[in-house]
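Input: a single structure, listed below in C-alpha cells.
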Amino acid sequence: MQHGILGYCWTDLRTDVAASRCVSWQEGQQVATSLNLPYHETSSLKQVGLKELMNHAVQLGSQSHKRQKKGGSIGKWVPSWLKGKKSNSLPPPPIMPPAGQAPWIEIETSTIADHMTQLLKSGDYSDVTFVVEGSHHVPAHKLVLCSASEFFQNLFGVQSSNKKSKSSKSTPNFASGCAGVAGIEEGTSGTVVTLRDDISLEVFTHVLEFLYSGLPVLTEAPTEEKLTRLTAAAELFHLPYLSQVCDNIIRKEEFLNPSIGTYLNDTTGQKIKELFLNKSELSDISFIVQGTTVHAHKAILTSRSEVMGVMFGGSFSESSSSKVPVTGPSTDVFLALLEYLYTDHAPIEDVGPLDILPLADQYGQTRLISMCELYMTKDVDRDTRESIEKSSTDVIGLLVMAQMHNAPQLSSWCLHFISTNYTAISKRAEFSLLQGENLKHVEEHQWPPVSYLKQVEEYEAMLKEKGHNTDKCVVM
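Each residue of the sequence shown is one higher than the one before, starting from 1 at the first, in the numbering used here.
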C-alpha cells in the first residue's frame with residue numbers, strides 16, 4: 001500500500017548552469033523506488049506536471065478515505081473534494097520525465113576593438129607615419145584611418161568605388177587646408193604626415209585609439225584640461241563622436257560611451273568593407289582561389305588571425321610571396337571569411353554555415369565558429385519540424401563535423417538532440433555511424449529513458465493481469 005508521493009517541484013531550475021546542483025530525474029526516481037512511492041516532477045513556473053500530481057494525490061486520498069470509512073476510523077465528515085469521487089483501484093500510469101532543455105549556443109564577445117588596438121600598438125605593416133611634436137614618429141594604417149574617418153579618407157585621396165577613384169595618393173591641396181596638418185609627403189616607406197606642433201603626442205595617441213577601436217584608452221580619470229585638449233583635437237580632425245565621448249565623461253555619463261564604441265566599430269566595419277574588402281586599393285597581398293584573384297591587406301589579416309600572423313610573419317613561403325594559392329574552399333566561402341576578419345560580421349545565411357565552419361576552424365576564428373553553431377542549430381530545428389525520421393538533415397554527420405572542427409557547443413547540442421529524439425533517429429540509416437563515446441552518451445541519456453520504458457512495460461503487464469484493455473492505456 002502506498003502512503004504518499006515523492007515529488008520534485010523545481011524542474012525549471014535545471015538550467016545548464018545549475019543542473020549539477022539539482023536533483024536529476026534519475027536520482028529522484030531511484031529514491032522513490034527505494035521508498036516504494038510514486039514519483040512526480042513539477043514546475044509551477046512553467047505549469048508542468050501539476051495536474052498529474054494533484055490527480056494522483058486525489059486518487060490516493062480517495063482510496064485512503066474509503067479504507068478508513070470501511071474500518072470505522074473516520075467520522076461523518078467527508079471533504080467536499082472527495083464527494084462523488086469514484087475510487088479507481090488502478091494506480092496511475094508512469095509519468096514520462098521531461099526531456100530537458102537543449103544547451104544554449106552563446107556567441108563569443110567581439111574582440112575586434114582589442115585586435116585593432118593591438119595593431120596600432122605594434123605598427124606592423126604600417127603605410128603612414130605621423131610626425132608629432134617635431135620628433136616623435138607614430139606608425140599607422142591608412143585603411144583603418146580612412147574607414148573610421150572621412151577626414152583621413154580625403155587626406156589620403158581614398159574614395160568609394162562609385163566615385164571612380166583611381167589613386168590612393170595623398171592630396172596636398174586638401175592637406176594645406178587642414179588646420180591640424182603642417183605638411184604631407186611621400187617617403188620611401190610610405191606617406192609621412194607632419195602634424196601641427198601644438199598637437200601633443202598624448203592627445204594624438206588618444207585620437208588614434210579612438211579611430212582604431214571606437215574609444216580612446218583613458219586608463220586613469222582624465223582631467224578636464226586633458227578632455228578639453230582632446231575635444232579640440234576632435235574638432236580639428238572632424239570627429240564629432242570623439243567630442244561626444246569627452247562630453248559624456250565631463251558630465252559623469254561615461255556609461256554611455258561603450259554604446260558609442262560598439263556603434264563606431266560597426267560603421268567602420270561597413271566602411272572598410274565598402275572601400276577595401278577584395279579591392280586593390282592599398283592591397284599588399286593577393287589570394288588565388290579557384291583561379292580568381294582576391295585582394296587583401298596583411299595589417300587586417302595578421303591582427304585578426306594568429307594563423308595568418310604566423311603565415312605572413314614566419315618562415316613560411318607565404319611571407320615572401322605577394323600571391324598565395326588557396327585550395328579547398330570556394331571563392332564565396334573564402335570571401336565570407338575575409339568579410340568576417342574585416343568587419344566582424346559574415347554572410348553566414350547566404351553562403352552557408354556548413355561551408356564556413358571548416359575555414360573558421362582552420363584560421364582559428366572561434367567567434368565565427370560560435371556564429372556558425374547558432375545558425376546550424378536553427379537550421380536543424382527548422383528542417384526537422386515536421387519529421388525527424390524523414391528529414392534530409394543528418395544530425396549525426398553534423399555531430400561528427402562539429403567534433404572534427406572544434407565546435408563544442410554544436411557537439412553538445414547535437415548529442416542532446418540525438419538523445420532526446422532517440423526513437424526517431426535510431427531508425428535512420430546513419431545511426432549505425434554513431435560510435436564510441438558518442439554512442440555511450442546517447443544511450444545513457446536517451447529519452448524516454450530505459451527506466452521509464454521498463455516502468456511502462458510493467459504497468460501494461462499489470463493491466464493485462466487485471467484484465468484491462470491496454471490498447472486504451474494512457475501513458476503520461
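For glycine and all other residues, C-beta sits at the position ideal for the given N, C-alpha and C.
Item	Value
Nearer than 8 Å: is that true of the beta carbon of residue 256 relative to any heavy atom of the ligand NAP?	As far as ligands go, the structure on display features none, and thus does not contain the ligand NAP.
How about residue 396 and residue 434: are their beta carbons less than 9 Å apart?	yes
CA-CA distance, residue 375 and residue 401?	15 Å
For residue 139, which beta-bridge partners are listed by DSSP?	129
Just the Cα atoms here: how many angstroms apart are residue 106 and residue 419?	21 Å
Distance, Cα to Cα, residue 227 vs residue 257?	14 Å
Run through DSSP, which three-state label would residue 78 get?	With a pLDDT of 48 at residue 78, under the threshold of 50, the modelled position of this residue cannot be trusted, and the question is left open.
Rank 356, 129, 336 by C-alpha distance to the C-alpha of residue 277 and give the top, closest one.	336
Assuming residue 115 is part of the alpha helix (DSSP H), what are its boundary residues?	112-122
Can you give me the Cβ contacts of residue 448 inside the same chain, cut-off strictly under 6 Å, excluding the 5 residues immediately before and after it?	96
Counting only runs that start and end within the stretch 321-392, where is the beta strand (DSSP E) found for 3 or more residues in a row?	323-326
Let's test the definition: count the other Cβ atoms within 10 Å of the Cβ of residue 81 and tell me whether it reaches 16, buried, or not, exposed.	Low confidence applies to residue 81: its pLDDT is 45, below 50, so where it sits in the model is not reliable, and the reading given next is rough at best. It counts as exposed.
Is it the case that the stretch 352-370 contacts the stretch 330-344, given that we only count it when at least three CB pairs across the two stretches are under 8 Å?	yes
Which word fits residue 136, buried or exposed, when buried means at least 16 other C-beta atoms lie within 10 angstroms of its C-beta?	exposed
List the DSSP bridge partners of residue 186.	191
Look up residue 288 in the DSSP assignment and say whether it is helix, strand or coil.	strand
Could you give the uninterrupted runs of the beta strand (DSSP E) lying entirely in the stretch 224-282, keeping only those of 3 residues or more?	none
By the DSSP assignment, the beta strand (DSSP E) with residue 40 in it spans what residues?	39-41
What number of angstroms, rounded off, separates the C-alpha of residue 331 from the C-alpha of residue 285?	16 Å
Taking the alpha-carbon positions, what's the residue 274 to residue 290 distance?	23 Å
Using C-beta distances below 6 Å, list every residue in its chain close to residue 415, excluding the 5 sequence neighbours before and after it, in chain order.	441
For the 8 Å Cβ check, are there 3 or more pairs between the stretch 21-34 and the stretch 49-56?	no
Using the Cα positions of residue 242 and residue 197, report the straight-line distance between them to the nearest angstrom.	21 Å
Could you give the distance in angstroms between the alpha-carbon of residue 350 and the alpha-carbon of residue 51?	46 Å
Have a look at 249, 239, 211, 210 and flag the residue whose alpha-carbon is nearest the alpha-carbon of residue 220.	249
Tell me whether the beta-carbon of residue 281 lies closer than 9 Å to the beta-carbon of residue 158.	yes
Does the Cβ-Cβ distance between residue 191 and residue 138 come in under 9 Å?	no
Over the uninterrupted alpha helix (DSSP H) stretch that includes residue 154, give me the two end residues.	150-155
Between which residues of its own chain and residue 356 is the CB-CB distance below 8 Å, once the five residues before and five after are set aside?	333, 336, 337, 346, 348, 368, 372
If you measure between the beta carbons of residue 302 and residue 125, is that distance less than 9 Å?	yes
Hey, quick one: how far does the alpha helix (DSSP H) through residue 399 stretch, first residue to last?	395-404
Using beta-carbon positions only, say whether residue 178 and residue 236 come within less than 9 Å of one another.	yes
Please name the residue, chosen from 103, 199, 211, 194, that lies closest to residue 113 on a Cα-to-Cα basis.	211
Rank 129, 225, 328, 215 by C-alpha distance to the C-alpha of residue 184 and give the top, closest one.	129
Count the other C-beta atoms from every protein chain shown that fall within 10 angstroms of the C-beta of residue 264, then say buried if there are 16 or more, exposed otherwise.	buried
Could you give the distance in angstroms between the alpha-carbon of residue 187 and the alpha-carbon of residue 195?	16 Å
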